[in-house]
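Structure, as structure tokens:
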Amino acid sequence: SKNIHSLSSLDGLTTVSTQGIPVGKYRVKMTIRDGNKILVSKVVNYDKQPLPGWFGNKLGISDKVPPPWTALEVKDDAVKMWGRTYDFQGRLFPAQITNQGKKILSLPISLSIRMTDGTSAISSDSVSRISGEKKSSIKVSSTRIQNLGGVKITSKSYIEFDGMMWMELEVAPRGRQASVRELTLTIPLKKKYAHLINGYDYSLRTTGELPQRGYTSAMGPRWVGNEEGGLQVFAETSSNWIVRDKKKEL
Numbered sequence: 006s007k008n009i010h011s012l013s014s015l016d017g018l019t020t021v022s023t024q025g026i027p028v029g030k031y032r033v034k035m036t037i038r039d040g041n042k043i044l045v046s047k048v049v050n051y052d053k054q055p056l057p058g059w060f061g062n063k064l065g066i067s068d069k070v071p072p073p074w075t076a077l078e079v080k081d082d083a084v085k086m087w088g089r090t091y092d093f094q095g096r097l098f099p100a101q102i103t104n105q106g107k108k109i110l111s112l113p114i115s116l117s118i119r120m121t122d123g124t125s126a127i128s129s130d131s132v133s134r135i136s137g138e139k140k141s142s143i144k145v146s147s148t149r150i151q152n153l154g155g156v157k158i159t160s161k162s163y164i165e166f167d168g169m170m171w172m173e174l175e176v177a178p179r180g181r182q183a184s185v186r187e188l189t190l191t192i193p194l195k196k197k198y199a200h201l202i203n204g205y206d207y208s209l210r211t212t213g214e215l216p217q218r219g220y221t222s223a224m225g226p227r228w229v230g231n232e233e234g235g236l237q238v239f240a241e242t243s244s245n246w247i248v249r250d251k252k253k254e255l
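Read in order, the letters of the sequence shown correspond to residues 6 to 255 in the numbering used here.
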């Protein structure tokens, strides 16, 4: 058994190791209490399977860049790989993305914040503090910190040789507390590079020409571009996002 003494947010997460129990079928009981009062109690089935034969092998793991991709290059605050360049220009997010030789952003990617007191700020208006840079032929990582309104934004990110960029953002109050009304991430693509969309629905009903009225949906992998290239965004999950309408996360 394992106890979580307090829930720090609306979502609670804990990990229970199954390493010491044999393969077989189990019943797991979870209980949430307020003091001695039981708020929620649930029992779920758990079937521990044996580890697959390939578990732990090193097949396919390499520090070499496979062709046609090329080794990552870093110059000033720009990361270049085959067919693409991310140029941060000291900011929290890329100020420009060059895709197949074409600059596709009309403005820098930005995070805007609106506090409950009515004040607002946007990340592209100032530069960030950069630390912890690590560079190799296959991966470049760094930490960027920027004060934005009443909060401090910490971005831990890495870029891989194929152009995938992963970011983890932490929002923390600059003082004892901060009250945030809205956070918005904006990726302003030039219109000529953003008239097609792939909504990743198997019916293909949302794939094709981007509607004149725009496009809204729940979070999921979405690609926007033209006939020659584009940009895809995705998130691991949006289950802990606090939004008014889950159908308008994007």
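Even for Gly, the Cβ is constructed at its ideal location relative to N, Cα and C.
- The three-state secondary structure of Asp-130, taken from DSSP, is helix.
- Nearest C-alpha to Pro-226 among Gly-235, Ala-240, Leu-215 and Glu-233: Ala-240.
- Beta-bridge pairing by DSSP links Met-120 to Val-185.
- Annotation: Asn-152 to Phe-93 spans about 17 Å, alpha carbon to alpha carbon.
- Residue state for Lys-252 is assigned as helix, using DSSP reduced to three classes.
- Tyr-31 is the residue among Ser-67, Tyr-31, Trp-59 and Lys-69 whose C-alpha sits nearest the C-alpha of Asp-52.
- Contact annotation: Arg-96 and Pro-113 have beta-carbon atoms nearer than 7 Å.
- Under the DSSP assignment, Leu-153 falls in the beta strand (DSSP E) whose first and last residues are 144-153.
- Less than 7 Å divides the Cβ of Gly-230 from the Cβ of Leu-201.
- Nearest C-alpha to Leu-116 among Lys-69, Gln-105 and Val-156: Val-156.
- Counting only runs that start and end inside the stretch 204-255, there is no alpha helix (DSSP H) element of at least 4 residues.
- Here the stretch 193-212 makes no contact with the stretch 126-144; the two share fewer than three CB pairs at distances below 8 Å.
- Between the C-alpha atoms of Leu-174 and Val-33 there is a straight-line separation of about 33 Å.
- No residue range can be given for Trp-74, since it is assigned to no beta strand (DSSP E) and is classified by DSSP as neither H nor E.
- Partner residues in the beta bridge of Gly-29, as assigned by DSSP, are Lys-53.
- Thr-191 is the residue among Thr-212, Asp-81 and Thr-191 whose C-alpha sits nearest the C-alpha of Ser-129.
- Lys-139 carries a strand assignment under DSSP once its states are collapsed to helix, strand and coil.
- When only Cα atoms are considered, Met-172 and Lys-144 end up about 13 Å apart.
- Counting every other CB atom within 10 Å of its CB across the protein chains shown gives Met-169 a total below 16, marking it as exposed.
- Each of Gln-182, Arg-186 and Lys-85 was checked against the Cα of Arg-119, and the nearest Cα belongs to Arg-186.
- When the alpha-carbon of Thr-19 is set against those of Pro-27, Thr-36 and Val-28, the nearest one is in Thr-36.
- For Met-169, no beta strand (DSSP E) encloses it, and the DSSP letter there is neither H nor E.
- Non-local beta-carbon contacts of Lys-253 in its own chain, meaning distances under 7 Å to residues more than five positions away in sequence, involve Thr-221 in chain order.
- Note on geometry: alpha-carbon atoms of Val-70 and Thr-148 lie some 24 Å from one another.
- A direct Cα-Cα distance of roughly 28 Å separates Gly-88 from Ile-150.
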